[in-house]
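Student: Protein chains in written order, with UniProt numbering: chain A, 1 to 898; chain B, 1 to 898.
There are 2 protein chains.
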Amino acid sequence: QSCNQGEADKLNVHIVPHTHDDVGWLKTVDQYYYGANSSIAWAGVQYILDTVVQQLSVDPTRRFIYVEVAFFSRWWREQNTEVQQEVKRLVQEGRLEFILGGWSMNDEAATHYNAIIDQMTLGLRFLNDTFGPCARPRVAWQIDPFGHSREQASLFAQMGFDGLFFGRLDYQDKETREMKLKMEEIWRGSQSLHHPEADLFTGVNENGYNPPAGFCFDAYCKDDPIMDDPTLEDNNVKQKVDDFISAAHKQAKHFRTNHIMMTMGSDFQYSNAKAWFKNLDKLMKYVNSAVRYKNCFFLWSVKSDDFFPYADAPHQFWTGYFTSRPGLKGYVRESNKYLQVCNQLETVAHLRSGMKSNLRTSKSNVLRAAMGVAQHHDAVSGTSKQHVANDYAKHKLKSGGRHCKDVISSVITEGSSNLTFCDYMNITLCDFTQNSNRFTAVVYNPLARAVSKYIRIPVDCTPSYIFVVIELVTGARLTTQVRRNRGNANCELVFLAKLPALGYNSFSIEKYKSSATNKRLFTPKGKVVNPSDDITISNEFYSVNFNRNSGLMDSIVNIESGIKIPVHQDMLWYNGSMGNNASKQQSGAYIFRPNSSTPFHCSNDGKVKLSGSNPLVQEVYQKFSDWAYQVVRLYKGIKHIEVEWTVGPIPVKDQWGKEVISRYETNIDSNGYFYTDANGREVLERKKNYRPTWKLNQTEPVAGNYYPVNSRIYIRDAHVQLTVLTDRSQGGSSLSSGALELMVHRRLLGEDSKGVAEPLNETGQFGDGLITRGKHWLLLDTVTSSAKQHRLLGEEAFMSPLVMFGGATPPALVQVGFQSFIVNPLPPNIHLLTLATTNSGELLVRLEHQFAKHDDDVLSQPVTVSLKGLIKNFEVKIVDELLLGGNALKNTINRLQW
Amino acid sequence: QSCNQGEADKLNVHIVPHTHDDVGWLKTVDQYYYGANSSIAWAGVQYILDTVVQQLSVDPTRRFIYVEVAFFSRWWREQNTEVQQEVKRLVQEGRLEFILGGWSMNDEAATHYNAIIDQMTLGLRFLNDTFGPCARPRVAWQIDPFGHSREQASLFAQMGFDGLFFGRLDYQDKETREMKLKMEEIWRGSQSLHHPEADLFTGVNENGYNPPAGFCFDAYCKDDPIMDDPTLEDNNVKQKVDDFISAAHKQAKHFRTNHIMMTMGSDFQYSNAKAWFKNLDKLMKYVNSAVRYKNCFFLWSVKSDDFFPYADAPHQFWTGYFTSRPGLKGYVRESNKYLQVCNQLETVAHLRSGMKSNLRTSKSNVLRAAMGVAQHHDAVSGTSKQHVANDYAKHKLKSGGRHCKDVISSVITEGSSNLTFCDYMNITLCDFTQNSNRFTAVVYNPLARAVSKYIRIPVDCTPSYIFVVIELVTGARLTTQVRRNRGNANCELVFLAKLPALGYNSFSIEKYKSSATNKRLFTPKGKVVNPSDDITISNEFYSVNFNRNSGLMDSIVNIESGIKIPVHQDMLWYNGSMGNNASKQQSGAYIFRPNSSTPFHCSNDGKVKLSGSNPLVQEVYQKFSDWAYQVVRLYKGIKHIEVEWTVGPIPVKDQWGKEVISRYETNIDSNGYFYTDANGREVLERKKNYRPTWKLNQTEPVAGNYYPVNSRIYIRDAHVQLTVLTDRSQGGSSLSSGALELMVHRRLLGEDSKGVAEPLNETGQFGDGLITRGKHWLLLDTVTSSAKQHRLLGEEAFMSPLVMFGGATPPALVQVGFQSFIVNPLPPNIHLLTLATTNSGELLVRLEHQFAKHDDDVLSQPVTVSLKGLIKNFEVKIVDELLLGGNALKNTINRLQW
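Structure (structure tokens):
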């Protein structure tokens, strides 16, 4: 209501003073807040809020929007009551307006929807708790992320936003939109939800998020201020007025209505708000004659694809960051799980206490805030400086995780003891289990349905031991397998754990010295296969064959469906460009630009060394080179193929930066089409060298076909579908019919000139390139039966069981180590997305139908679930349906109808 | 009264938030004010005042000092009444305090006292007019000028200042003072005035004018702010507190009392005042426990020399700027004369109008402000960037001069016509006179005593003309001489003009075609002298001999006194250092560092070409090289030798920067002593390789002996004195007994790393090095009779007659072109320093006794002058004796007694 509505027959220019405050990029979020480490950049957010509030106070005509609640909430905490009251007044009067209102402005390519919802919730609820409904952001503001996902639009719509504005889109796309007056349109965010539920008015900013050229009045800008001293030779009022009117008219040509917006601000601007406001005041004073104008029509076009990939020039595709910093991307995904478990168990404790726990000081807040920051478009995206990436991982997430482990341990043991967490079990490192002869393993399942999962525990097995695993609740001795291992521990103990819905099961593990000859329980150290033999591993569901000459996977059989197709898998690398005659653009943290479209084999001699094949879990080890390994696994009773890749240290002594991919080639007649998920949720169809809404001039045959893969990618023909699920976000594509590829790691020597000013060259503790290990899960099945598998497997992937350890004497585990906190497990198509407790002590529950509309004949159907008695100790008194962000009652909000 | 008085038994640290705002340096004064041209530096003074005032307003415990009235007055004009009222309140309450209060912070080495007084007056009176006596600055603040003159101290004392603080002094001097606790002492500013009239408490700032290391909290500083979030890993409160206390104790060791000052600010800081104040608030909050301390004694030492030259390291003597940009230095001196004439004639007009003229819009204000800015320590000093020097000269001074010429023309012609001014007569260029056959010359004498001066007017004399010059008031035809000339005009017309005190005389000049053979009035084009003949010129007073072999001056005879001594004069150049093994320091705009102590001859072959010798004015032309010329002149009836030097374009194609000197070598037994003036007024004794107050370790045998020469330098022995007067400020020295030298021009290729970041490499309109022409006036006489000559000649030099032109019909000149505005001319020892009209319409008159105490037995005596009837139309009703700055009644001020 506080906005100037403009005049019908004039061109109305809406001046939007704003600042864009990255929660970490070139400096850490803390350094940005205080303005420390200013040899990198002075940016100090505390002063932005200090001076903006002051400048708004002195002049009621001034307006400002603020976005990042991670910064705002911190500043707010430091203010005295007087300032807080003044800010409340400014918010009430619409002079200070929050938009977006997330904890951060999250990345859209490398983020998982669970984390997006959480980080938006954290920010939006802070605003609601602090200022009430009047402060609810109406507009989403994703001005800087490097491409835009459709899922994000859907989530925003469900959060009650009236619109979305952003700044970065493909330059060809933008040109087309300018010409066709499609800078603003309706974005259909979901193929499953009834519209307009996921429809969102979406505007492209004319100047990214910057002011028009010549009008940057910030204290760190180079443009001249308005110099209006009439006696001055340098007086530039006329020039500025002319330039401004010209810029406004130029911009207006691209828009359908007679209202245009000018973003007056940029990165960390307004730290001296006076400089901006003083000159804007003058500008508005001198451009006092609005110009007559008539150009209104209100038929909005509709878009239902997304804004990936983003290119700002022919050879500048921002598709490298889909994979940049795979270690951090994996850690963020893993931390999401910790936060969900922490939320769940904090809620369990809260319910146990009769909802009387003091949640204001909730330990989960640390990880919640850390995860909010980690979703930032320079955090999980992998595009910050190295020292900032270290801060995200080593300070923020690690500290948050530590607090959450305390919560988890304390709730599970009812405060009786500390459980031990081993963060490096993926590289078979766990001091606790390696050095114990007898210990307890507690395995928590955060899903609201029961699952059975193979657990792998690093143990010491020399000279020769027998391991006995007892399920505590039943006393049953489980079948185990001990895998000799080339990692940190010399063995891994493998067993299948049956886990209750939203609860845990516990196992006593004891090591006995075996007679030297008793090797019954040991699998042989994988013998090197006779190179003349093909090798095949198989279980009840799959059979996978490896070629005896090349050592590569060469076919897969789905035993149930009878599908048998050649599947040739290899690890290869693109050489990152250092620039060439066509363009100086180098491959870097943001940009993927291979020097050639043909990748090199990781194996120098074209042969991959194969070794090992074993029973309970059948494994094949592949060595592509000294820095690229793979294990392909088939677990008994498990209906997917697991491919664990280990890449690094990527060698760069040859001065060639490398971007490593895993590529699958099949005879599936996919014909250029492939499918990738958006933020781990709905799936979009992709087509090579094609964009649904404009005629593409493809200038980068590889990078220009890369898309974000957050959880899955698949190709298919009329009958067969090959699906690859990932454990973290990666870039992926299908560059020829029947093929798909995922980029798993990159190490570069160039710099892509997008501001970060460092090559993406991660090194480990010894200065070598960073080694990264991750997993792909393969499904080969009919098209119709694939979705029900990848939907459930995808859910299990990001909410995998949490394994903790206690001493020889089991901790005080309720019901002898077995517990489910849910009364009625949920059906498989319903995902318990959120079970958390708010600051005010209510429960925040999100139930999600995780099947898209046409995924599966059965599982895509609506389901009814009773909240009553869902969770133990949870007596439902009042149920309020909230917006997705949890910050307003859904029925109180009427979104604008477009 | 608003200051915290501290506690007797504690160390009291006085935090002084301040900003240092150059009125031009790397950017022009206008660019600095607005914050334009920010690719060079962001600095924007408008925001400093905006945000400081706001920050003072919100917290009554905050304090700030402001210095430069050129900026403040401009900002003030732009404020609305509300802000002005608030500022008045802040000033009244002592929260905003003006110190120094000059229009600028003037340079002390290259400035003339007349201009210093004017610029201080301009600022101080603005403050008094705006805020009343409460705002009167009590402390002078010369924190940045590169050395300090004793005359400046004397002027400050006479302006009523209680003390002076500065930042730059010789590093050896500073070390000594720190050790001897002489960082604060009493400076005796005059050898002529009764003390304590010219005594001034003077403090050296510990850190120049910067904060202690680690405490620069400005928005453009690199130091970390105080980060006091207790949850933060980066929390630095303890470190900052420890560092601060340690810095305070370290500083306190150098001072006699338990009060120390910390300058919290620097160049153009506080443009975002919040950043500074917020962190100072935190600092003071955390350093809340003052530390017990007792170290008070109050016996102040006394100093009576000055602080030249300034060195901040063994090879960094700031003695180059004494000469840098000689063209600008000359123009500033010339502009001072215009301003004085403008003041005088504006007053004449004011008196004519019965003191009813509207002086608020006085046209002289433009030049007054321009001159205020030009005295700045990066303006007349020659140490600004080239584009800024252009702004000072081509915009500021030129525009001010244009306005003043209007005033002068309009008063002299009583508004009836426009007189023409020719600015380039020194290079014999004046379109008006060159293209007229008949015109009028009006010659104004700004001195309050009558003088006779030779006037030289560029004329066209081809093919052959006779020039008739008639003194209008008497109708007398004057003797003339026409000099053929190698300059722009082909001839110069020379005649002697008798000029009344404070008034003008006018001459009709007519050109007649002469018969081709009539060359009587022409002097021959100087014939090249037979190299075997010595050449001698002489008049009633002097005879000057030039050696036939070398072409150089080799002796001078004072005919009256019979003194005849060898005087060997030559032009030479030092090669500016580009750094060597001893130090990387290069010669530059600030620093003089010759590569060798032995200069090179300008003449390559060791021979100077001589030509010409003529009657009425006898002249000898010397050509040292293609870029160094000299004319030595003796005028009939004039008792000094004029040496006009022309230097440039200094060649640098050999990649050698050059610093050109004029050196005189005599047999005067001066024994290392020499004498230089301070700001054109009192004279100080200098001694080679010696400093009066500390044991000097001389590390630069040439540059370390250079001193500023603003008007004169002399050497003497028991009997004979050789005095050289200059027409502008230059550096000078005496490096061996009987010798003295003046540096006249410099062109350098290196950069001295003092911030200006440009080599001092002035070029003219065609890209060649700038040519500069100037004059030296030589006196050779007994010691006792020298002062009366150089005092009067010095006065005539900076207040030389102003020559203007009218058309063939004389303009409406009162009394047929002759007029004196003074009733009773002043005696020769009294200089009419100021005759001006204030904004409120009173007359501001400064009468100066221009002889030092022991200059002359007769003329140094006190004189009584009657103000009544001094000036025509001036009826004295009330006389108030003011402080020298004109901003307070002298009898109302009690300076602190030390």
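No residue lacks a Cβ here, since even glycine has one placed at the ideal position from N, Cα and C.
Consider the Cβ of ASN235(A): report whether some Cβ of chain B lies at a distance smaller than 7 Å.
Tutor: It does not: the Cβ of ASN235(A) has no partner Cβ on chain B nearer than 7 Å.
Student: Does the distance from the C-beta atom of ILE99(A) to that of ILE143(A) stay below 7 Å?
Tutor: No, they are not a contact pair.
Student: Run through DSSP, which three-state label would ILE226(A) get?
Tutor: In this structure, DSSP gives ILE226(A) a state outside helix and strand, which the three-state scheme calls coil.
Student: Answer with buried or exposed for GLN655(B), where buried requires no fewer than 16 other C-beta atoms within 10 angstroms of its C-beta.
Tutor: exposed
Student: For LEU835(A), which beta-bridge partners are listed by DSSP?
Tutor: VAL845(A)
Student: Can you pull out the residues from the UniProt domain "Glycoside hydrolase family 38 central" (316–396) of chain A whose beta carbon lies closer than 7 Å to at least one beta carbon of chain B?
Tutor: HIS395
Student: Given a cut-off of 7 Å, decide if LYS363(A) and VAL411(A) are closer than it, judged by their beta-carbon atoms.
Tutor: no
Student: Under 7 Å between C-beta atoms, does THR763(B) make it to chain A?
Tutor: no
Student: So, with DSSP's three-state summary, where would you put CYS134(B)?
Tutor: Helix, per DSSP.
Student: Determine, using beta carbons only, whether ASP406(A) comes closer than 7 Å to chain B.
Tutor: no
Student: Are the Cβ atoms of GLY400(B) and VAL451(B) separated by less than 7 Å?
Tutor: no
Student: Please list the terminal residues of the continuous beta strand (DSSP E) segment that includes TYR338(B).
Tutor: Segment 326–352 is the alpha helix (DSSP H) holding TYR338(B); no beta strand (DSSP E) there.
Student: Give the secondary structure of ARG633(B) by DSSP, where H, G and I count as helix, E and B as strand, and everything else as coil.
Tutor: Of the three classes helix, strand and coil, the one that applies to ARG633(B) here is strand, per DSSP.
Student: I believe GLY24(B) touches VAL341(B) by the beta-carbon criterion, under 8 Å. Please report the beta-carbon distance rounded to the nearest angstrom.
Tutor: About 25 Å; that fails the 8 Å criterion.
Student: Could I get the ranges of all uninterrupted alpha helix (DSSP H) runs contained in the stretch 8–55 of chain B, with 4 residues as the minimum, in chain order?
Tutor: 29–34
Student: So, does the CB of ASP218(B) fall closer than 7 Å to a CB anywhere in chain A?
Tutor: no
Student: Under a Cβ-count criterion, where at least 16 other Cβ atoms within 10 Å of its own Cβ denotes burial, should VAL858(A) be classed as buried or exposed?
Tutor: exposed
Student: At the level of alpha carbons, what is the spacing between LEU493(A) and ASP460(A)?
Tutor: In this structure, the CA atom of LEU493(A) is about 9 Å from the CA atom of ASP460(A).
Student: Tell me the residue span of the beta strand (DSSP E) that contains VAL366(B).
Tutor: Unbroken run through VAL366(B) is the alpha helix (DSSP H), 364–374; no beta strand (DSSP E).
Student: Residues of chain B with a CB under 7 Å from the CB of GLY401(A): which are they?
Tutor: When 7 Å is used as the limit between beta carbons, GLY401(A) is near no residue of chain B, the shortest such separation being about 16 Å.
Student: Report the partner residues of ILE830(B) according to the DSSP bridge assignment.
Tutor: Beta-bridge pairing links ILE830(B) to HIS849(B).
Student: Tell me the rounded alpha-carbon separation between VAL631(A) and GLY774(A).
Tutor: 10 Å
Student: Please state whether the Cβ-Cβ distance between GLN55(A) and PHE277(A) is less than 7 Å.
Tutor: yes
Student: Locate the beta strand (DSSP E) running through THR81(A), then write down its first and last residues.
Tutor: It is not in any beta strand (DSSP E) - THR81(A) instead sits in the alpha helix (DSSP H) that spans 81–92.
Student: Give the list of continuous alpha helix (DSSP H) stretches no shorter than 4 residues that lie fully inside the stretch 442–481 of chain B.
Tutor: none
Student: Please classify ASP570(B): does DSSP put it in a helix, a strand, or coil?
Tutor: strand
Student: Just to make sure I have the definition right: I need the residues of chain B whose C-beta is within less than 8 Å of the C-beta of GLN54(A). Which are they?
Tutor: GLN54, VAL58, LYS274
Student: Going along the chain, which residues of its own chain have a beta-carbon closer than 7 Å to the beta-carbon of ASN131(B), five neighbours each way excluded?
Tutor: The sequence given here has Phe at residue 131(B), not Asn. Cβ within range, chain order: LYS88, VAL91.
Student: Determine contact between the stretch 768–785 of chain B and the stretch 709–719 of chain B, defined as no fewer than three beta-carbon pairs at a distance below 8 Å.
Tutor: Counting Cβ pairs under 8 Å, three or more are found: they touch.
Student: Are the CB atoms of THR347(A) and THR837(A) within a distance shorter than 7 Å?
Tutor: For THR837(A) and THR347(A), yes; Cβs fall inside 7 Å.
Student: Would the stretch 164–183 of chain A and the stretch 685–704 of chain A be scored as touching if the rule is three or more Cβ pairs under 8 Å?
Tutor: Result yes; three or more Cβ-Cβ pairs closer than 8 Å.
Student: How is TRP318(B) classed by DSSP in three states: helix, strand or coil?
Tutor: coil
Student: Please return the same chain residues whose Cβ sits closer than 8 Å to the Cβ of ASN426(A), not counting the five positions on each side in sequence.
Tutor: ARG773
Student: Please classify ASN445(A) as buried or exposed, where buried requires at least 16 neighbouring CB atoms within 10 angstroms.
Tutor: buried
Student: Does the CB of GLY265(A) have a neighbour CB from chain B at under 7 Å?
Tutor: no
Student: Quick check: GLY841(A) and TYR590(A), are their CB atoms within less than 7 Å of each other?
Tutor: no
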